[in-house]
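Numbering (the numbering used here), first residue to last: 384 to 1178.
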């Protein structure tokens, strides 16, 4: 929601700096995403009059446009837009002018010199419309600065409006919030029924589905002259990001942005007998909407129609057949309330997201329909002339009832953890236009119809909290709680802290996926990850299931970094995967995933560059296990996709397979557009739970250690980890550390064999080990290796 501070000031006096206003709105729950002034990045753009237009001699789609901005000299520019003609006034950015992100220079376009550029609303940074050049109001003066003309020196607040606050999608709703925060009042625009003449009201309305359309109000005006809107209307619509069209359509959009009530103007001549029908779409029925697309309608779509077909897709977009144009002389104005669920499904079904649908989906004030219609009629009479029918058609069989709620001030203190005097609570609720009547021990609150989000006592407590100030609420715990993090929360924080300290960056990826992701990983049809939870209403074809692995999301994140030429990437994520069950809810499991490519150690003056490898990822995991006080893991060879057949390992913790790490298969790297030799890790976080036993503290050793090396020859199929396990068991209790430091295979030890050299540290808590003691340990180790692994000492 774009809010013009200048426009907002019409409804509420703002006597604080904009930064202070931003902070107040943020702390009250209405987040201000950005604050900016469009005109700050625009210099040298002036109003110019189009004198002549001719085809470009070397391009069919381009035109040569002669313009003048000082009434004397003229210049030619090349332009590709066709929505303007001779006599129109347009924004001209001459040579040397500045626009957001660019500076205008003289240049040749297809052989013709262009001395400047004509600007669209998008190029001026005031809308997203690239469709054509912005045609300025007829009362503009050539040579006038466009920044001043269009009010681009105004301050714009971009608000993030939550789904339950549809009232804040209108400036009056925002003004109510600001008035409550500043302790002032709201000044509403005049919306009394405009003066009318004795025009026959030959309009009729039949609503066939009152549940889908609780209220439909229509007003009729004839004798209008369609043309440009006054400069003030144009300025304010542009500030709100809305493209001006004509005085009739602009009046509806102006009131939409002002009140949050969507309106629609029909060309009355296009409606047979002026008879409007509000009904569901028929089987096989189609409608050409204002974007010139013929849409096949669904039987659940709500349609505004007449006796011979559709006129508009209710609450979403009008139809092309009844569009207001230059030839329009009579208008039927619609001001209605439609069911939010109906509009939401229709909008999504047709892929149409409009200003109207965004508001109807959140729910508009049914009592505001007449106010908005009268306001729009007044603007039309002022800018387009005409005569207005005295009465309105108002199909409103069940007027909306105002909600009555009870608030216990003592309950507010219990929920918020702070004592707010009852009188202050009353004042805060009245500040947002709630009617409050004090009763014994309670407040009876009448909620206006423009606040349908207030349904329960806790909603009123939230109102008190946000208006009193979230920043003033103390940090408290609910009664009866001891506080602190749960063990699994402490584990997750520790994992993230350790991995971040090792140079990995946390990533957040989507919980949604599809079987296509598993195809890219090369997983077989019988792989457990193929058992996915299917969504009944997926948002897109690629997100029809809940994920069973974190790797696709992490690899896509790595691919985006690689596409942006990030040379070294190491990402991790601690998140949940999902598995279907016989119960309504899926089984959730938390896992740790990580991917990395590029340099683990960059080139330095004292060390050589080293890329990420399987062993680096193994080292990361071992460091994490140590930091979490988890028993050492055992690593066994793994040869299944998505990993490389000889550079991956299963991770075994306490005898249970907990995860896999290693280098990804080249085909998988290609499928995800990440560099070859990318490494990855995936492990269940349950396996990373620290030992629940109390940490045992021992005194520092009093006697020195003895260091010996043992080199043994084993079959090349024997894993180094298996040898280390045998050494550790046989060397107890004197053996305190063992480390592999050399591997050799060659002619000296024969084919099918390899030599593994280990460094052993021995120590006794009671004495200094003598040579005989060290020899005894060495002999035990050698004998155990020979017996269990058929190993021999290397000579």
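No residue lacks a Cβ here, since even glycine has one placed at the ideal position from N, Cα and C.
* Quick one: is residue 469 buried, meaning 16 or more other Cβ sit within 10 Å of its Cβ, or exposed? -> exposed
* Measure how close the beta-carbons of residue 729 and residue 673 come, nearest whole angstrom, since I'm counting them as under 8 Å. => With a Cβ gap of about 15 Å, residue 729 and residue 673 do not count as contacting.
* Would you call residue 644 buried or exposed, if buried means 16 or more other Cβ atoms sit within 10 Å of its Cβ? -> The residue in question, residue 644, is buried, as its Cβ has 16 or more Cβ neighbours within 10 Å.
* Asked: Terminal residues of the continuous beta strand (DSSP E) containing residue 1045?
  -> 1039-1047
* Would you mind stating whether residue 515 and residue 464 have Cβ atoms separated by less than 8 Å? => yes
* Start and end of the beta strand (DSSP E) containing residue 1033? -> 1026-1036
* Asked: Taking the alpha-carbon positions, what's the residue 751 to residue 832 distance?
  -> 9 Å
* By Cβ distance, which residues of its chain are closer than 6 Å to residue 691, with the 5 residues on each side in sequence left out? -> 655
* Compare the C-alpha of residue 370 against each of 780, 746, 534, 519 and name the closest. => Lying before the first or after the last residue shown, residue 370 is absent from the chain, which here runs from 384 to 1178.
* Taking the alpha-carbon positions, what's the residue 614 to residue 527 distance? -> 13 Å
* Might you give, ordered along the chain, the residues of its own chain that have their beta carbon closer than 8 Å to the beta carbon of residue 1148, omitting 5 neighbours on each side? => Taken in chain order, the residues that qualify are 1084, 1085, 1086.
* From the DSSP output, read off the bridge partner residues of residue 649. => DSSP output for residue 649 lists 715 as bridge partner(s).
* Provide the residue span of the beta strand (DSSP E) that contains residue 1125, from first to last. => Segment 1118-1127, the beta strand (DSSP E) holding residue 1125.
* Asked: To which residues of the same chain is residue 1107 closer than 8 Å at the C-beta, ignoring the five residues directly before and after it?
  -> 1121, 1123, 1141
* Secondary structure of residue 915, DSSP reduced to three states -> coil
* Considering only residues of the same chain and omitting the five flanking positions on each side of residue 999, which have a CB-CB separation below 6 Å? -> 983
* To do: Evaluate residue 411 with the Cβ neighbour count: other Cβ atoms within 10 Å of its Cβ, from every protein chain shown; 16 or more gives buried, anything less gives exposed.
  => buried
* Taking C-alpha atoms, which residue in 667, 601, 1062 lies nearest to residue 657? -> 601
* Asked: Using the C-alpha atoms, what's the distance from residue 422 back to residue 531?
  -> 8 Å
* Close beta carbons around residue 1036, own chain, < 6 Å, minus the five adjacent residues each side -> 1016, 1070
* Roughly how many angstroms separate the alpha carbons of residue 815 and residue 408, rounded to a whole number? -> Roughly 14 Å separates the two Cα atoms.
* Which residues mark the beginning and the end of the beta strand (DSSP E) in which residue 450 is found? -> 446-451
* Asked: From residue 1065 to residue 794, what distance separates their C-alpha atoms?
  -> 47 Å
* To do: Indicate whether residue 461 and residue 503 have their beta-carbon atoms separated by less than 8 Å.
  => no
* Asked: Cα separation between residue 709 and residue 922?
  -> 40 Å
* **Host alpha helix (DSSP H) of residue 560 (start-end)** => 554-565
* Who does residue 929 pair with in a DSSP beta bridge? -> 895
* 8 Å Cβ shell around residue 910 - same chain, five flanking residues per side excluded -> Residues of the same chain with a CB within less than 8 Å of the CB of residue 910, apart from the 5 flanking positions on each side, are 901 in chain order.
* Which residues does DSSP pair with residue 599 in a beta bridge? -> 719, 778
* What is the C-beta distance between residue 877 and residue 1011, in whole angstroms, given that I count them as a contact (C-beta under 8 Å)? -> 6 Å
* Just the C-alpha distance for residue 773 and residue 787, rounded to the nearest angstrom, thanks. => 35 Å
* Asked: If we call anything under 8 Å between Cβ atoms a contact, is residue 846 one with residue 712?
  -> Not a contact, by the Cβ cut-off of 8 Å.
* Asked: What residue does the alpha helix (DSSP H) around residue 328 start on, and which one ends it?
  -> For residue 328 there is no data in the structure shown, the boundaries of the chain being 384 and 1178.
* Between the Cα of residue 1116 and the Cα atoms of 1161, 726, 1031, 1127, which residue gives the shortest distance? -> 1161
* Buried or exposed: which applies to residue 1046, given that a residue is buried once 16 or more other Cβ atoms fall within 10 Å of its Cβ? -> buried
* Asked: Can the beta-carbon of residue 538 be found less than 8 Å from the beta-carbon of residue 625?
  -> no
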